[in-house]
Every structure is written in C-alpha cells, then in structure tokens.
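Visitor: My questions will all concern the structure given below.
Structure representation (structure tokens):
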C-alpha cells in the first residue's frame, strides 16, 4: 500500500472504488438515468453539449450534473491531500483532436469504456464486441508507447490555470440547478439558454441532488485511487501491473450484482437500451476510442479527475470531447438504436487514421 496516498491507493482501496462506482451507476439508472447508462462519461458530455446548444439533437440534451461533480469531487480530494498541482504541457491541439475523435468513436459504439462495462453488467452482449475493440485500441496505444510516443512532459502552471476547469464545472453545476429557459417548444422541450429533451435519453435523469452527491463521491474516490478503465488494461500489457484492473473488475462485478438485485438485467443482443447490434462498428468505434484514450493518458473519467486536480492538458482533452460530440451530432455521425449512421463508419475510419498519425508523429525527445 502507498502510505502517502492512503487506503484508496491500496488494492482493497481500488476494489472499494470500483465497487462503489458500479453500485452507484446501477442505482442512478434505477432512479431515472437511462438504462445501462447510470454513468457514461461520453454520453453525459454529449448531453451537456446539447444542453448548451452546441448540437440540436433533440433527444440528447440535458446538463448532466454528474460530470461537473466529478471534477469538483476530484478538486476537493486533491486539495485535502495536498495534491492540487496546476500544470500544463505541450501539444494542446493534438490533445484536442484526440478528445474529439475519442468521442466520435464512442458515439459510433454508443458509450465510453465506463458504459461498455456497465452495458455488459446489464446483460447487453453487444458490449463484448465493443470491449474487444477497446482492448485492440489500447494494444495499439501500447505499441506507440513502446516506440517512444509522447506528447511532452508537463510543467508547473499558474494557479489561475488550474482553476479554469473547476470554475467551468461550478458554472455548469449552477446552470444545471437553476435550469434557466426562455420557454417551451411545441414538444414540451426547454428552449435555451439551457436546453432539455422532452423525450429520449436526455429526458431521463435521476434526482439532481442524488446525481450531484454521486458525482462528488465518485470524483473523490477516483482521484485518490487513480481509477482508470483504460489504464487498467494498459498497465497489465505494458507493465504487467494488475492494480487498476482489480478496480475495473470490481466495477463490473458490483454493477452486475446490483442490476440482478434491482431487476435491471436483460441478457441478449437484441432490444438492448441505447445500443445497436452491428458488431463491426461496435468493435471499430471502441477501437478508435481506446487508441485515443491511451495516447491521451487515460479514460474519459480519468481526464475529468485529472482536470479537477489542476491538469490543464486533461482539460483540453475534455473540451475536445465535448466539441467532438457537437460535431458528431451536427454532421450525423452518431449511431442510434437502429445501427450506425450513414456517415459514422467513415468518420471512425478517418479517426483511426488521424489518431494513428498522431501516434507515429509524436515521440519523446532525447
């Protein structure tokens, strides 16, 4: 056990963190969040992009409070532990592009790595192809890391820079609570400045107080434990270190048990919520995401937690993901329950090429 980091950095600690996330995700879905989507960082950031009017897909617009709460929970944990260190590095445009394409890949699959495991825990067997793609993407990232891939080291930054993402999170949380609107549309949906879906996944949400509390708790636990759904696989392959993997397996096991207890388990490929059964693009969508997350240094949740503890590079990646969500819906790249969109597969292939070029083009300077 790392005594400096405390219990949560130990093996039992990472297991507790993973189990807590799995149970919380299942309970949030039971209380109103979309099925098999108690927590999905990519989907929730997509919903936030819609709530802010960055895309006009009417079914996926809601300022999900869990996302800013993740950042603020991480900020609190880092401050209490003396680990809040404002820092920034290099290649911000590359990080932005990685964030955007990671989101496009996730929306072709319909979920991030967190949701892939939660979908499987809910009985959605389509997630198996997505997870296979995720593993392939992480392996691709490890290939580049072994070749010396690096976006450059980080440097100490002014405190003001480290507060940018927490300030944005605080503003988003205030908007989520206040929910200002100019009126209602013909379908009953809220009309700006904060949009809200009248039907579809964006209309489904757990009580906001519970969502905020859940997000703060997860942000705190994950910052202290270094929980990461992509790092868990990367570390096993690259370092033969299974520490983070225990947390990931605990997430899956706890979510599975909670879903069975709550009657939320439905085994099969067909008729799964917010999912499609096109195996090829489930695989390739998550392969793109896995590669981009690995080259960026962590899964989408980890990027949020890092931004909360002062990492401006992670903040750029998060903003890239939100921009990617807007782009995906404005250009009809995101899949639906009926399958991939006409243009999503081409975007995924382009993304794989672009992200691979970043992998080849950035090397550690000697």
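Residue numbers (this note's numbering): 230 to 595.
Every residue gets a Cβ at the ideal spot worked out from N, C-alpha and C, and that includes glycine.
Work out the CA separation of residue 458 and residue 424 for me, nearest whole Å.
Guide: About 31 Å.
Visitor: Which residues does DSSP pair with residue 253 in a beta bridge?
Guide: According to DSSP, residue 253 bridges with nothing at all.
Visitor: Would you decide whether residue 575 is buried or exposed? Buried here means 16 or more other CB atoms lie within 10 Å of its CB.
Guide: That one is exposed.
Visitor: Excluding five sequence neighbours on each side, which residues of the same chain lie with their C-beta closer than 7 Å to the C-beta of residue 382?
Guide: For residue 382, where only same-chain residues beyond five positions count, the Cβ hits under 7 Å are 318.
Visitor: Whole angstroms is fine: what's the gap from residue 315's alpha carbon to residue 534's?
Guide: Answer to the nearest angstrom: the Cα atoms are 13 Å apart.
Visitor: Give the secondary structure of residue 231 by DSSP, where H, G and I count as helix, E and B as strand, and everything else as coil.
Guide: The predicted position of residue 231 is uncertain, since its pLDDT is 49 and thus under 50; no value can be drawn from it.
Visitor: State yes or no: is the C-beta of residue 440 within less than 9 Å of the C-beta of residue 265?
Guide: Not in contact: residue 440 and residue 265 (Cβ atoms no closer than 9 Å).
Visitor: So, using beta-carbon positions, are residue 537 and residue 301 closer together than 9 Å?
Guide: For residue 537 and residue 301, yes; Cβs fall inside 9 Å.
Visitor: Using three-state DSSP, classify residue 453 as helix, strand or coil.
Guide: Looking at residue 453 - three-state DSSP - the assignment turns out to be helix.
Visitor: Is residue 494 close to chain C, meaning its C-beta is less than 9 Å from at least one C-beta of that chain?
Guide: The structure shown has no chain C; it contains just one protein chain.
Visitor: In three-state terms, what does DSSP make of residue 420?
Guide: Three-state DSSP puts residue 420 in a strand.
Visitor: Span of the beta strand (DSSP E) holding residue 410?
Guide: 410-413 is the span of the beta strand (DSSP E), which, as asked, contains residue 410.
Visitor: Quick one: is residue 231 buried, meaning 16 or more other Cβ sit within 10 Å of its Cβ, or exposed?
Guide: Annotation note: pLDDT 49 at residue 231 (below 50); position unreliable, coordinate value reported separately. Looking at its Cβ environment, which holds fewer than 16 other Cβ atoms inside 10 Å, residue 231 is exposed.
Visitor: In the structure shown, what three-state DSSP assignment does residue 276 receive?
Guide: Three-state DSSP puts residue 276 in a helix.
Visitor: For residue 327 versus residue 562, is the C-beta distance shorter than 9 Å?
Guide: No, the Cβ-Cβ distance between residue 327 and residue 562 is not below 9 Å.
Visitor: Please determine if the region 291-298 and the region 508-522 are in contact, where contact requires at least 3 C-beta pairs separated by less than 8 Å.
Guide: Because the criterion of three Cβ pairs below 8 Å is not met, the region 291-298 and the region 508-522 do not touch.
Visitor: If residue 252 and residue 487 are in contact, beta carbons under 8 Å, what's the gap, nearest whole angstrom?
Guide: 5 Å between Cβ atoms; contact.
Visitor: Spatial neighbours of residue 579 within its chain, please: CB distance less than 8 Å, with the 5 preceding and 5 following residues excluded, ordered by chain position.
Guide: Taken in chain order, the list of residues that qualify is empty.
Visitor: Spatial neighbours of residue 330 within its chain, please: C-beta separation below 7 Å, excluding the five flanking residues on both sides.
Guide: Only 517, 521, 553, 580, 583 and 584 meet the Cβ criterion.
Visitor: Where does residue 564 fall in DSSP's three states?
Guide: Coil, per DSSP.
Visitor: Alpha carbon to alpha carbon, how far is residue 378 from residue 592? Give it in angstroms, no decimals.
Guide: Their Cα atoms are separated by approximately 4 Å.
Visitor: Using CA coordinates, which residue listed in 511, 428 and 392 is at the minimum distance from residue 615?
Guide: The question about residue 615 has no answer, for the chain in this structure spans 230 to 595.
Visitor: Between 352, 460 and 511, which lies nearest to residue 489 when the distance is taken from Cα to Cα?
Guide: Nearest C-alpha to residue 489: 352.
Visitor: The alpha helix (DSSP H) spanning residue 346 covers which residue range?
Guide: Taken as a continuous stretch (DSSP letters only), the alpha helix (DSSP H) holding residue 346 covers 342-350.
Visitor: Write down the C-beta distance between residue 460 and residue 528 rounded to the nearest angstrom, noting that I regard them as a contact closer than 8 Å.
Guide: That belief holds up - the Cβ atoms of residue 460 and residue 528 are roughly 7 Å apart, short of 8 Å.
Visitor: For residue 471, which residues from the same chain have a beta carbon less than 7 Å from its beta carbon, with the 5 sequence-adjacent residues on both sides left out?
Guide: Only 465 meet the Cβ criterion.
Visitor: Taking the alpha-carbon positions, what's the residue 358 to residue 412 distance?
Guide: For residue 358 and residue 412, the distance between alpha carbons rounds to 42 Å.
Visitor: So residue 588 and residue 373 are in contact, right, with Cβ under 8 Å, and what is the actual spacing, rounded?
Guide: Residue 588 to residue 373, Cβ: 4 Å. Contact.
Visitor: Does DSSP classify residue 555 as helix, strand or coil?
Guide: DSSP places residue 555 in helix when its eight states are reduced to three.
Visitor: Assuming residue 268 and residue 254 are in contact, meaning their beta carbons sit under 8 Å apart, how far apart are those beta carbons, in whole angstroms?
Guide: So it is a contact: roughly 4 Å between Cβ atoms.
Visitor: In three-state terms, what does DSSP make of residue 549?
Guide: If DSSP states are grouped into helix, strand and coil, residue 549 belongs with the helices.
Visitor: Specify the secondary structure class of residue 291 as computed by DSSP and reduced to three states.
Guide: Residue state, collapsed to three classes: coil.
Visitor: In terms of DSSP beta bridges, what is residue 609 paired with?
Guide: Residue 609 lies beyond the range of the chain shown here (230 to 595); nothing can be said about it.
Visitor: Entirely within the region 463-527 and at least 3 residues each: give me those beta strand (DSSP E) ranges in chain order.
Guide: Taking only runs of at least 3 residues, no beta strand (DSSP E) segment lies wholly in the region 463-527.
Visitor: Out of 341, 368 and 443, which has the shortest C-alpha to C-alpha gap to residue 462?
Guide: That would be 368, whose Cα lies nearest to the Cα of residue 462.
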